[in-house]
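Residue numbers (this note's numbering), protein chains in the order written: chain A, 1 to 421; chain B, 1 to 421. Glycine included, each C-beta is placed from N, C-alpha and C at the ideal position. Because the structure is a prediction, the values reported are computed rather than measured. Notes follow once the structure below has been shown.
There are 2 protein chains.
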Amino acid sequence: MTTKLFRNARIFTPLDPGAPLGGATQGRVQVYENGALLVQNGRVEKLGPAAGVLGEIVRAGAKIHQEIDCQGACLVPGFVDPHTHMCFARPREAEFDLRLAGTPYLEILAKGGGILSSVRDVRAASEADLLAATRRRVLTALGLGTTTVEIKSGYGLETASELRMLRVIARVGRELPVDVVPTFLGAHAVPEEFRGDPDGYVALIVNEMIPAVREQGIARFCDVFCEQGVFSIAQTRRILQAARSAGLQLKLHADEVHDLGGAGLAAELKAVSADHLLAASDENIARMAQAGVVASLLPATAYSLRKPYARARRMIQGGVPVALASDCNPGSSYTESMPFVFGLAVMQMDLSPLEALTAVTLNAAYALGVAGRVGSLDPGKQADFLLLDGESPAILAYHAGVSPVTAVYKRGELAAGREDP
Amino acid sequence: MTTKLFRNARIFTPLDPGAPLGGATQGRVQVYENGALLVQNGRVEKLGPAAGVLGEIVRAGAKIHQEIDCQGACLVPGFVDPHTHMCFARPREAEFDLRLAGTPYLEILAKGGGILSSVRDVRAASEADLLAATRRRVLTALGLGTTTVEIKSGYGLETASELRMLRVIARVGRELPVDVVPTFLGAHAVPEEFRGDPDGYVALIVNEMIPAVREQGIARFCDVFCEQGVFSIAQTRRILQAARSAGLQLKLHADEVHDLGGAGLAAELKAVSADHLLAASDENIARMAQAGVVASLLPATAYSLRKPYARARRMIQGGVPVALASDCNPGSSYTESMPFVFGLAVMQMDLSPLEALTAVTLNAAYALGVAGRVGSLDPGKQADFLLLDGESPAILAYHAGVSPVTAVYKRGELAAGREDP
């Protein structure tokens with residue numbers, strides 16, 4: 001048994017009441033100004049005011065193998081990034097230039113850009129290259145504080161390529177000190193082979209891909225890009241019902257551009273999360289709150305596409321638990337940085353720093369169904385946490401464009417950064 | 001004599017025509033897709049297409065001491081950050097929280113916050129502590145690609161403290177591989193001792209501080225915060241005229257909140273730059289263009305204060321050369337990151353990536369009067385340059401919130417990052 005004591009820390013963590021924190025509780029964060037955290041075998045054993053934790057250690061006669069003086073640094077749970085497409089072969093930098101120059105998306109598609117170019121790249125890439133590219137992005141995210149990350153398939157769009165992506169995603173999770181949650185997103189776009197026959201592709205997903213994904217046993221979620229011109233509400237419902245029957249949990253890309261009613265469908269199906277939500281209606285936000293669906297908001301995507309941000313305050317006021325994610329992908333949000341996402345949420349969506357902290361930790365863990373293990377520093381959970389060069393989580397927004405994460409601990413072990421604050 | 005060859009690079013650099021690039025020339029950047037850069041004794045000797053540079057080396061029979069394969073990385077001039085207040089004792093994180101919560105600035109001042117709290121901190125700090133804090137920020141900036149930085153005094157507001165700040169600023173420049181340009185900003189605010197008597201403080205600046213700063217011989221520029229409630233146009237003119245007589249070059253914080261006509265005054269006095277300019281009028285922008293004044297724009301400040309951005313496109317269309325700066329300070333823009341500033345300029349102010357590149361290199365060097373030495377890769381200039389993990393400077397905006405700077409070379413030597421791309 002290994003026991004480590006982290007003392008002289010300003011600890012900020014939501015405590016887990018067994019459900020995500022919505023409405024007025026979104027920013028309910030426990031603060032220990034002179035705090036201590038006791039870690040045993042990679043799990044949180046105790047945390048609280050230093051005097052109390054030290055007293056209990058003495059009473060129990062516990063042996064401390066290592067003591068780390070955090071020198072007053074801020075200590076927060078590791079970030080959980082609940083929506084990414086980090087498994088892709090290469091960035092699309094030239095397309096970004098075209099987009100800035102005002103080239104319409106259809107013209108970019110015609111020039112071989114857009115999501116289908118990432119599909120061609122992934123299909124053509126070797127499994128080793130795809131693994132190396134994905135590992136590199138996850139390591140960048142880890143250095144910026146992400147200790148749990150969801151990664152979607154969805155650049156394969158044919159059964160073998162989708163399964164290959166899920167294998168790569170699972171392997172990254174085995175090889176790196178990051179918990180990886182794999183999501184099957186065969187319904188990311190209609191591939192060129194099915195142009196003009198989206199229902200044919202939906203049938204392939206339902207009849208061939210989902211059974212194969214179930215048999216492979218890697219994916220925990222099924223997601224669908226429900227949007228005008230992509231997958232309709234009816235197609236989305238069909239896919240997600242088949243996925244649920246196959247034992248997968250549900251998510252959806254909902255109401256990003258048009259209010260198709262994706263948020264309402266998420267409530268109807270009791271999906272674990274609905275993501276994007278820039279165009280979600282008040283009525284469907286209310287239905288999400290009633291159904292306990294987490295809203296995963298993606299401000300870096302709004303930033304990169306120069307769109308208005310999702311109405312985070314409206315959702316919080318309506319009682320929806322809000323999570324934040326990077327949406328890391330080569331088209332609309334090429335960033336692995338949760339500090340950047342946190343900053344945008346505070347500066348552009350008007351979340352308080354403590355609301356944003358819950359959004360990138362506990363609520364994000366609920367958005368992935370892994371709150372039993374991560375997302376807060378409740379005793380018994382994994383000792384996944386960060387030291388920040390600042391007085392409080394506000395430093396993540398205040399120190400703009402610069403990551404204040406100096407150390408990343410995964411299951412109590414230093415995984416990135418430096419031990420000495 | 002040491003000779004280094006950097007080959008297999010995608011080189012992007014403005015070339016220096018002897019004046020800043022304004023109007024249609026703002027984005028005039030030379031590109032060598034398969035480029036090579038020959039460095040001799042820390043200076044650019046040659047650059048161009050690999051074949052040409054290698055041919056000349058062979059013809060001249062030059063001996064190459066070190067050859068670096070850039071592996072296709074993008075190579076750009078080191079960033080010049082022409083407007084910072086990096087010399088301060090400590091951040092003001094608690095005040096940021098108050099500000100987010102909507103506390104009016106006057107109330108923050110009454111609680112001991114605001115600029116005058118930084119003045120108290122700097123007056124109370126030891127020279128060693130102030131040096132350590134400033135060094136740390138400049139090192140952060142260096143790691144993010146800044147190889148030349150302007151740093152202002154202005155948290156002393158009394159003669160001895162202002163001179164002490166300038167000593168610290170000069171020492172950082174001697175000790176670190178960064179060119180530091182010191183600016184005297186005694187007219188940053190009216191100190192508490194002169195509350196109600198701003199003209200008395202102006203007289204102190206003119207009669208005591210400027211002569212002392214001249215005698216000390218460190219500062220190259222004099223700057224004034226010309227703004228309603230701070231220093232009027234008449235006070236600003238008086239200070240800057242005295243500074244010019246004392247041999248200092250001129251800058252001013254102009255029209256940040258109110259259109260006092262600071263941009264027009266900059267043109268009248270032929271200041272080297274006018275900075276902020278959020279409220280500058282069309283008429284005064286035209287006068288800046290005629291007078292050849294560089295506009296130093298500070299998008300991270302607009303971001304942090306949630307204000308509309310300066311009208312960069314209007315200025316470029318009007319022929320004003322645009323530079324970009326971090327404005328790094330503990331109140332309105334706590335960032336050392338020029339990649340972040342570049343990203344905001346492209347995403348929020350609609351500069352093209354090549355226009356933004358000129359703004360953070362050559363035009364910024366002109367804003368500091370150091371374009372003879374830095375700001376572009378013209379032969380004879382210092383070999384200050386960066387390797388970027390991307391195909392072009394667009395990566396600085398495309399890879400949002402993550403710095404793509406992998407190596408920083410100062411006078412041909414690796415100063416931050418890693419040699420192997």
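Measure the CB-CB distance between residue i and residue j and report whether it falls below 8 Å.
i                 : j                 : result
Glu336 of chain A : Ser392 of chain B : no
Ala266 of chain B : Ala279 of chain B : no
Pro299 of chain B : Met349 of chain B : yes
Arg418 of chain A : Ala407 of chain A : yes
Ala325 of chain B : Thr134 of chain B : no
Asp378 of chain A : Asp81 of chain A  : no
Val360 of chain A : Phe342 of chain A : yes
Ala263 of chain A : Ile239 of chain A : no
Ala295 of chain B : Ala323 of chain B : yes
Gly35 of chain B  : Ala50 of chain B  : yes
Ile395 of chain A : Leu387 of chain A : no
Val370 of chain A : Asp179 of chain A : yes
In angstroms, rounded to a whole number, what distance separates the CA positions of residue i and residue j?
i                 : j                 : result
His188 of chain A : Thr147 of chain B : 43 Å
Gly331 of chain A : Glu175 of chain A : 27 Å
Gly186 of chain B : Gly156 of chain B : 7 Å
Pro77 of chain B  : Thr13 of chain B  : 6 Å
Glu208 of chain B : Ile218 of chain B : 16 Å
Arg244 of chain A : Leu130 of chain A : 28 Å
Asp69 of chain B  : Arg136 of chain A : 21 Å
Phe96 of chain A  : Gln30 of chain B  : 20 Å
His65 of chain B  : Lys251 of chain B : 42 Å
Arg220 of chain B : Arg164 of chain B : 15 Å
Glu413 of chain B : Val213 of chain A : 52 Å
Thr358 of chain B : Leu21 of chain B  : 7 Å
Leu354 of chain A : Leu37 of chain B  : 49 Å
Pro211 of chain B : Ala383 of chain B : 36 Å
Ile57 of chain A  : Gly380 of chain A : 17 Å
Arg90 of chain B  : His258 of chain B : 29 Å
Val346 of chain A : Arg313 of chain A : 11 Å
Thr159 of chain A : Leu351 of chain B : 42 Å
So for residue i, helix, strand or coil by DSSP?
i                 : result
Ser333 of chain B : strand
Thr2 of chain A   : coil
Arg28 of chain B  : coil
Ala271 of chain A : coil
Asp129 of chain A : helix
Asp378 of chain A : coil
Phe88 of chain A  : coil
Glu33 of chain A  : strand
Asp97 of chain B  : helix
Pro177 of chain B : coil
Leu240 of chain A : helix
Val425 of chain A : Only positions 1 to 421 of chain A appear in the structure, and residue 425 of chain A is not among them; the question remains open.
Asn41 of chain A  : coil
Arg10 of chain A  : strand
Tyr409 of chain B : strand
Ala187 of chain A : strand
Determine the chain B residues that contact residue i at a beta-carbon separation under 7 Å, and present them in chain order.
i                 : result
Val29 of chain A  : By Cβ distance, chain B contributes nothing, its closest Cβ being about 13 Å from Val29 of chain A, past 7 Å.
Val402 of chain A : Thr140, Thr335, Glu336 and Ser337
Taking C-beta pairs closer than 8 Å, name the residues in chain B that residue i reaches, listed in chain order.
i                : result
Phe96 of chain A : Ala394, Ala397 and Tyr398
Using beta carbons (cut-off 8 Å, strictly below), is residue i in contact with chain C?
i                : result
Gly35 of chain A : Any reference to chain C falls outside this structure, whose protein chains are A and B.
Show which residues of chain B have a CB atom less than 9 Å away from the CB atom of residue i.
i                : result
Glu93 of chain A : Gly390, Glu391, Ser392, Ala394, Ile395, Tyr398 and His399
Cβ of residue i versus every heavy atom of the ligand NAP: is any distance shorter than 7 Å?
i                 : result
Thr335 of chain A : This structure lacks the ligand NAP, and indeed carries no ligand of any kind.
- Residues of the segment 78 to 91 of chain B with a CB closer than 9 Å to any CB of chain A: list them in chain order, please. Of all residues in the segment 78 to 91 of chain B, those with a C-beta nearer than 9 Å to a C-beta of chain A are Pro91, reading in chain order.
Next on the checklist: Tell me which residues of the segment 340 to 360 of chain A have at least one Cβ-Cβ distance to chain B shorter than 9 Å, keeping chain order.
Outcome noted: Using a CB distance below 9 Å, the part of the segment 340 to 360 of chain A facing chain B consists of Phe340, Val341, Gly343, Leu344, Val346, Met347, Gln348, Asp350, Ser352 and Pro353, ordered along the chain.
Name the residues in the segment 295 to 320 of chain A whose C-beta lies less than 7 Å from a C-beta of chain B; which are they? So the list reads Ala300, Tyr303, Ser304 and Arg306, given in the order they occur along the chain.
Between the segment 96 to 123 of chain B and chain A, which residues of the former have CB atoms less than 8 Å from a CB of the latter, in chain order? Contact residues of the segment 96 to 123 of chain B toward chain A are Phe96, Asp97, Leu100 and Ala101 (C-beta to C-beta distance below 8 Å).
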